[in-house]
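Everything below concerns the one structure shown next.
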Amino acid sequence: MKKTFIIANWKSKKTEIEAKLWLQEFSNLKSQNSNLDTKEVIVCPSFTLLSIFKSSIINLKLPIKLGAQDISPFDEGAYTGEVNGKQIKELAEFVIIGHSERRKYFKEDSEKINKKIQLAFSYGLTPILCISEIKQIQNVKIKMQNYNIKCKILVAYEPLFAIGSKQPDTPEDADSIAEEIKKLLEDVYVIYGGSVNADNVNGFVDQKNIDGVLVGGASLDANEFSKIIANV
Ligand code: PGA
69 MKKTFIIANW KSKKTEIEAK LWLQEFSNLK SQNSNLDTKE VIVCPSFTLL
119 SIFKSSIINL KLPIKLGAQD ISPFDEGAYT GEVNGKQIKE LAEFVIIGHS
169 ERRKYFKEDS EKINKKIQLA FSYGLTPILC ISEIKQIQNV KIKMQNYNIK
219 CKILVAYEPL FAIGSKQPDT PEDADSIAEE IKKLLEDVYV IYGGSVNADN
269 VNGFVDQKNI DGVLVGGASL DANEFSKIIA NV
């Protein structure tokens, strides 16, 4: 049976109080969500919120797994400000790598991204590798072969024009890119991201090659995010 990923990317948003309100509201709505056996719900909040999430998931019995939004390209050591894979592994199972905002504002290139992927794998974290064009996956493929990594990875296709713009790609275009990605990288899940909401999510997840969605803005509202999960 096809497993569908619904992943929330909170970016640099929400304080602790706001996160707790979201968690309570999401918990109140969770009965709306059925068929969770076929859905994998992952929330990627800021590092500062991961441990609150971890305890709330247990206390409120929430059907959520956790992801970080980034990982240090270095292992533990004297790297002020960095959060490394070993630290993330205590709190999360997934990690977003190479989001277009990190490529743009923090000048992340494929060399750094490949280091991050390797470190994520070495700590048993599943990378959610974001790409906005197919050539970015070609660089990753070569390095992955070099590292001889054989592990399932999630690739999020997020075209730049669709991020935060309320102008998503068409499901058909996204599906054809997802098909290309699956030809280039074996054994990957491909998800789509960019202006996904409760009304358009079905168009994407119904496509043959799309295994889920990465949701930014619409995931910040517990009610909207619950609707997205329910509609999948
Ligand atoms: P958006 O963001 O859903 O707000 O377009 C998606 C993302 O940047 O991951």
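Residue numbers (the numbering used here): 69 to 300. Heads up, the beta-carbon is just placed ideally off N, CA and C, and yes, glycines get one too.
* Return yes when the C-beta of Ser124 is under 7 Å from any heavy atom of ligand 1, and no when it is not. => For ligand 1, no non-hydrogen atom lies closer than 7 Å to the CB of Ser124.
* Endpoints, the beta strand (DSSP E) within which Asn291 is located -> Element bounds for Asn291: not the beta strand (DSSP E) but the alpha helix (DSSP H), Ala290 to Asn299.
* Within the present structure, is the beta-carbon of Ile231 separated from the nearest heavy atom of ligand 1 by less than 7 Å? -> Here the distance from the Cβ of Ile231 to the nearest heavy atom of ligand 1 is below 7 Å.
* Asked: Is any heavy atom of ligand 1 found at a distance shorter than 7 Å from the C-beta of Asn77?
  -> Result yes, Cβ under 7 Å from ligand 1.
* Asked: DSSP state of Ile199, grouped into three classes?
  -> DSSP places Ile199 in strand when its eight states are reduced to three.
* Asked: Between Glu179, Lys251 and Glu240, which lies nearest to Asp270 when the distance is taken from Cα to Cα?
  -> The sequence given here places Asn at residue 270; Asp does not occur at that position. For the residues Glu179, Lys251 and Glu240, the minimum Cα distance to Asn270 belongs to Glu240.
* Asked: Near Pro113, what residues of its chain come up, given a Cβ to Cβ distance below 7 Å and the 5 sequence neighbours on each side ignored?
  -> Result list for Pro113: Trp78, Lys82, Ala87 and Phe121, in chain order.
* Asked: So Lys88 is in the alpha helix (DSSP H); what residue range does that whole segment cover?
  -> Residues Glu84 to Leu97.
* To do: State buried or exposed for Asn265, treating a residue as buried only when at least 16 other CB atoms are found within 10 Å of its CB.
  => Of the other Cβ atoms in all chains shown, 16 or more fall within 10 Å of the Cβ of Asn265; this residue is therefore buried.
* Keeping to the same chain, check which residues put their C-beta closer than 6 Å to that of Ser178; ignore five residues upstream and five downstream. => For Ser178, where only same-chain residues beyond five positions count, the Cβ hits under 6 Å are Asn207.
* Asked: Would you say Leu302 touches ligand 1, meaning its beta carbon is less than 7 Å from a heavy atom?
  -> There is no way to answer for residue 302, as the model of the chain reaches only from 69 to 300.
* To do: Would you kindly work out how many angstroms separate the C-alpha atoms of Leu89 and Lys251, rounded to a whole number?
  => Each residue's CA atom was taken as its position, placing Leu89 and Lys251 some 42 Å apart.
* CA nearest to the CA of Ile139, picked from Leu128, Val111, Leu193 and Leu104 -> Here the closest residue by C-alpha is Leu193.
* To do: Say whether the segment 158-172 touches the segment 184-200, bearing in mind that this needs 3 or more beta-carbon pairs closer than 8 Å, one atom from each stretch.
  => Three or more Cβ pairs drawn from the segment 158-172 and the segment 184-200 lie within less than 8 Å of each other, which places the two stretches in contact.
* Can you name the residues that DSSP bridges to Asn77? -> Cys112, per the DSSP bridge assignment.
* Between which two residues does the alpha helix (DSSP H) containing Ile221 stretch? -> For Ile221, there is no enclosing alpha helix (DSSP H); the enclosing beta strand (DSSP E) has its first and last residue at Ile221 to Tyr225.
* Asked: Exposed or buried, which one is Phe293 when buried takes at least 16 other CB atoms within 10 Å?
  -> By the neighbour-count rule (16 or more Cβ atoms within 10 Å), Phe293 is buried.
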